[in-house]
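A.B. asks: I have a structure here, written as structure tokens, and I will follow up with some questions on it.
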């Protein structure tokens, strides 16, 4: 599953689904630059869920 977060890596061939294979890699880089993480869970035939975990930030007014 980690391979889907690498640039130009695809789970399926280009003839199955459109795309360049850079979308999730780009999202991962942006999320990591903010100190956060991106994970995925999937179930065969049921799709996937992508989770961005954001750190808790305390603000005082």
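Numbering (this note's numbering), first residue to last: 354 to 414. Just so it is clear, CB atoms sit at the ideal spot from N, CA and C, and this is done for glycine as well.
Going by Cα to Cα distance, which pick from 390, 379, 369 is closest to residue 361?
C.D. replies: 379
A.B. asks: Could you check the C-alpha separation between residue 370 and residue 406 for me, to the nearest Å?
C.D. replies: 27 Å
A.B. asks: Between which residues of its own chain and residue 392 is the CB-CB distance below 6 Å, once the five residues before and five after are set aside?
C.D. replies: 404
A.B. asks: At what residues does the alpha helix (DSSP H) containing residue 394 begin and finish?
C.D. replies: Run containing residue 394: none in the alpha helix (DSSP H); it sits in the beta strand (DSSP E), 390-396.
A.B. asks: Kindly indicate the opening and closing residues of the alpha helix (DSSP H) around residue 376.
C.D. replies: 376-386 is the extent of the alpha helix (DSSP H) around residue 376.
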